[in-house]
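This report concerns only the one structure given below.
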Amino acid sequence: MEDFKTITVTKGEKSLEIHNPTSYPLIGMGAQGAVFQLSEDKCVKIYSDPVQAKMEEEALAAGKHLPFMPLVYDTGPNYIVMEYFNAPTLKEYLRNCTYIPDSIVEKLLYILKELKQAKFTMIDAPLRHIFVVGNEELKVIDHVNSFKRIHPVPLKLLRDLKIILLKDSFLDQVKKLEPDTFNEWEGYFNQNSLDFRNIPVHSGGSGNGVKVDSAITQTLIGKGHQGAVYRVSEETCVKLYGKTEHANQEKMVLLSSQDLPFIPKVFETGPNYILMEYLLGPDLNTFLKKQSVLSEDITKRLLYILKTMEKSGFKQIDAPLRHIIITKNGFKLVDHVYSFSREQKRPLELFKDLRERNFLDAFLEQVKAIDPDTYAEWTKTPIPLDENENTLV
Amino acid sequence: MHTVMHLNLRVDPTQYISQIREVPDYDYIHMVRQPKYMIDLSLLNEKVHYLNEVFSPKEYVKRNNISLLHAHHGQLGMLLLPFKEETNLPLVTSIRGRDATLANQPIGYLDNMKMLFDRGERFFPVCQYLADRLIAWGCPSEKIRVLYGGVDLNEFKYRAPHKGDSQNILSIGRLVEKKGHHILMQAFQKIRGKFPNATLTIIGRGGLEEYLISLANQLNLGDSFRLLNHLPKDQVREQMTNADIFCAASLEAADGDVEGIPNTLKEAMAIGVPVISTNHAGIPELITNNKEGVLVQENNVDELADALEFMLSNREKWETYTVAARQKVEQKFNLAQQLQQQAEFYDELVAPYKLGKRYLVTPRQKDKKVLNETPQPQQQGKYDGERIAPRKKAELAKKALIYMQQLQQLQGLPQLQQLKQFPQLQQLQQQTNDKVKDELVTSIKKEKEAKVQQGAKDQDEKIAFRKKEKKAQKAEKVKKALYKIQKFQQQAIDEQLGGDHGGL
């Protein structure tokens, strides 16, 4: 038999680096380790950090009596051999479901209750870590942070359920089955509601995004390098910045361009936040995924935005597809931190995005017909093909 | 005007847009589950909303003045249940072919459907066949209203069948098993010897494309067969107008997937193309064999081949079929009329002020008579249901006004809101409510009288049955109205307490 101990997993630049001289297939990889299948019902999780191996080993031991925990067969300084589930995850199991079955709700509530009773601090699991084995029995994997992170309320579970539109039917049933639990959760959310006017600035350091308090993830819309955006009300959202410098840069752009139809409306600003209109609609990238042809209407709207930016003194002339939101009031362009500071004359990221959607040729063809001068300007030098060339022009 | 919040699969021209946006006297919100389901810019307007983006259902409903929810598939009805729970609004669910099969459905589907039958107020199956299925699954029959999908008769104008000697057979439908394209192709192959000039065109896209192409090769159909996809709507209609025979070989798929009544079949009948189809699902409700066309057993190559041969050899019979077919569509599948019907079904659920409407509107029997007297299909092209469509708006508006005034008295004025805790006001409120109730009872009585008078001559059993059903509907209406009033009061109380915005 081959020795899985010859497999090494180490932290690399961006993700884990795996060296696997065996024929055991890699079946999963996360931030802490990689999992290899050893047999039909066994797998080994190999950690890059022995501390984390120890943490999970302890959690699994503490939950040994719980029927939804994977069985442990062997442990070592950087590995755990445990039960392998050849079964769909709960996310897959609930595919296309529009109302979460009561049987599942009851089982999830049972798991949460047992975790709490076993004194786990992380009373939570994302859908992808829950497996549905025979007889609709649930199994939960990945317990590294069970005693480290503090989730008295199943934040990840609820967030995942929200994404697949099952959160409401889940909570509806929790309310009926366990009103106390429901009230406890509601109280937690009310207590931890977002007070963006008094949020401390967490500068994540260069290259890192803002630190997000997990207790308020339910209203998180998105986060990037400079900030995180939260829904505040039916019509407003707030962007929080890690650095006041970024906040100031974007404020300047947005406030001085409120008359432009594609700039989101701003309602209030603070040292590290901007309260602005919440834009409802698909982003243009998502939209174009469903289109078989690029309509001229879209090209015209894009061209209008780019030309208007140029005329209004924007330095960075670009409109990445994912930053354009199709609203009932037309196209809106978000993320303007560098609009006044980075010099960029051609919309290279837009080109790259359109190429990915297979619409770049159609787009340029249409621009050529509508606005030959701009076309000539854009194509004077060849449009760079790879990402590295895109950044510097 | 009431606003209905519709939830359908996509903002997409193929997804029964008129049933959302053109229902007479009802305003709409066109909702889809998530922004990614908005896929057609030409249909984007301020009434397109996204379910997952609703921050607080209660506030949302209030702000948009929504009084009814309509989900356009069974699954979407389930999805709206928590929303309904939160807002206490009545829920209508349309049931289409896909909803009535258990195969290939997500986990818990049947249980969830049963829960929906229990909690939803109305179900609109698109044919009687599906209605029967719902009843078999345990849906209370009093909650069911069959609502056939209609054809826009202005768009699909009648022309007499082609006189020449072309023999072009057309079929339109997604390339999926239940459309039976593979059966049609085999039947076509069987008659090719006798009719060497005949052609077969199939328009559609879907998962079976490769299979059908290879089947065509295997059957040696050569140039006589064409498979077209990605055709714009007007070109599809042109193909239909140019076809000699239209065929829909629908069948129950191996996984149990069924049709309702294929819309393309209704459209072909409206245009005046002789049709051949199968005894599948709701199709016999549209076509009686040898009257509006020819019907054969589903999934039967020989029978279908015989029918094709019969049709091609009896050209002189075509016009008899097409005239009858056009008339059938005009009577039961006319878009304007069906939208009107939809509005009337909505009326049963909302708006006490519209309760009197039933006897204000010209009775349907008379309209049918008008239709029957209309001699030529060509002329009937002009008839688009307009005669039924306009309601006695003045009357309605008057009633609406009274109701609104009462509503404002109860709810609207902020001063009144604050004063509500005073017992005198509560009494006043109660009196107003009683008045509304009284009005309801009177109007129902009147309606009953009108019905009795009108129905005196009719000894027909059918009508007696209908009356019985109506009575049940009325009882339900009264219940609804009372419930509405209660809700109303509850709402006022909620507001006093500062509102409950559902924290999570």
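Chains as they are written, first to last, in this note's numbering: chain A, 1 to 393; chain B, 1001 to 1504.
In this text, a Cβ means the ideal position worked out from N, Cα and C, and glycines have one as well.
- Within a 10 Å sphere around the beta-carbon of A:Met309 sit 16 or more other beta-carbons, which makes this residue buried.
- The continuous alpha helix (DSSP H) containing A:Tyr110 extends over residues Asp102 to Gln117.
- Judged by DSSP in its simplified three-state form, A:Phe85 adopts coil rather than helix or strand.
- Pairwise C-beta distances place the region 343–351 of chain A in contact with the region 304–319 of chain A, as three or more of them are shorter than 8 angstroms.
- A:Leu333 and A:Ile324 have their C-alpha atoms roughly 5 angstroms apart.
- For the region 240–252 of chain A, the set of residues with a beta-carbon nearer than 8 angstroms to any beta-carbon of chain B is empty.
- Counted as a single uninterrupted DSSP element, the stretch harbouring A:Val232 is not any beta strand (DSSP E), since DSSP gives it neither H nor E.
- In the DSSP assignment, B:Arg1133 falls within the unbroken alpha helix (DSSP H) covering Gln1128 to Ala1136.
- Relative to B:Gly1293, the option among B:Ala1281, B:Asp1302, B:Asn1299 and B:Lys1266 whose CA is nearest is B:Lys1266.
- For B:Thr1241, the enclosing alpha helix (DSSP H) begins and ends at Lys1233 to Asn1242.
- Under the Cβ distance rule, A:Tyr99 counts among the residues neighbouring chain B, one pair being separated by less than 7 angstroms.
- Neighbours of B:Gln1075 in chain A, taken as residues at a C-beta separation under 9 angstroms, are given in chain order as Asn96, Cys97, Thr98 and Tyr99.
- Against B:Glu1059, the close residues of chain A are Glu234, in the order they occur along the chain (beta-carbon pairs closer than 8 angstroms).
- With respect to the 7 angstroms criterion, B:Thr1320 and B:Val1296 are not classified as neighbours on the basis of their beta carbons.
- As summarised for the region 1167–1195 of chain B, the continuous alpha helix (DSSP H) elements at least 4 residues long and confined to that stretch are 1181–1191, given in chain order.
- A direct Cα-Cα distance of roughly 32 angstroms separates B:Lys1179 from B:Asp1118.
- Inclusion of B:Met1311 and A:Tyr99 in the CB contact set at 7 angstroms is not warranted, their separation being larger than that value.
- Interface criterion not met: the Cβ of A:Thr299 is under 7 angstroms from no Cβ in chain B.
- Annotation: Cβ neighbours of A:Ile326 in chain B (cutoff 9 angstroms, chain order): Pro1035, Met1038, Leu1041 and Leu1044.
- Around the beta carbon of B:Gly1150, 16 or more other beta carbons sit within 10 angstroms, so the residue counts as buried.
- Under the Cβ criterion of 7 angstroms, A:Leu279 is not counted among the residues facing chain B.
- Counting the other CB atoms within 10 Å of its CB gives B:Trp1137 a total below 16, which places it among the exposed residues.
- Listed in chain order, the non-local C-beta contacts of A:Lys156 below 6 angstroms within the same chain comprise Asp124 and Pro126, local neighbours out to five positions each way being set aside.
- Contact between B:Glu1053 and A:Leu280 holds, with the beta-carbon distance rounding to 6 angstroms and staying under 8 angstroms.
- As computed with DSSP, A:Cys43 is found in a beta bridge with A:Gln37 and A:Met82.
- The beta carbon of B:Glu1252 sits no closer than 7 angstroms to any beta carbon of chain A.
- Across the set B:Thr1241, B:Gln1342, B:Ile1245 and B:Gly1206, the C-alpha of B:Gly1206 shows the shortest separation from the C-alpha of B:Leu1227.
- Under the Cβ criterion of 7 angstroms, B:Asn1289 is not counted among the residues facing chain A.
- For the pair B:Leu1175 and B:Glu1209, the CB atoms are nearer than the 7 angstroms cut-off.
- The Cβ of B:Met1269 sits no closer than 7 angstroms to any Cβ of chain A.
- Put simply, of B:Lys1190, B:Ile1203 and B:Met1240 the residue whose alpha carbon is nearest the alpha carbon of B:Ala1307 is B:Lys1190.
- Taking 9 angstroms as the Cβ-Cβ cut-off, the region 79–93 of chain A approaches chain B at Tyr93, given in chain order.
- Looking at the DSSP output, B:Ile1202 bridges to B:Ser1171 and B:Leu1227.
- Residue contact with chain B for A:Thr181: absent (no Cβ-Cβ distance below 7 angstroms to any residue of chain B).
- Buried is the label assigned to B:Asn1334, since at least 16 other Cβ atoms lie within 10 Å of its Cβ.
- Look at A:Lys290: its C-beta is under 7 angstroms from a C-beta on chain B.
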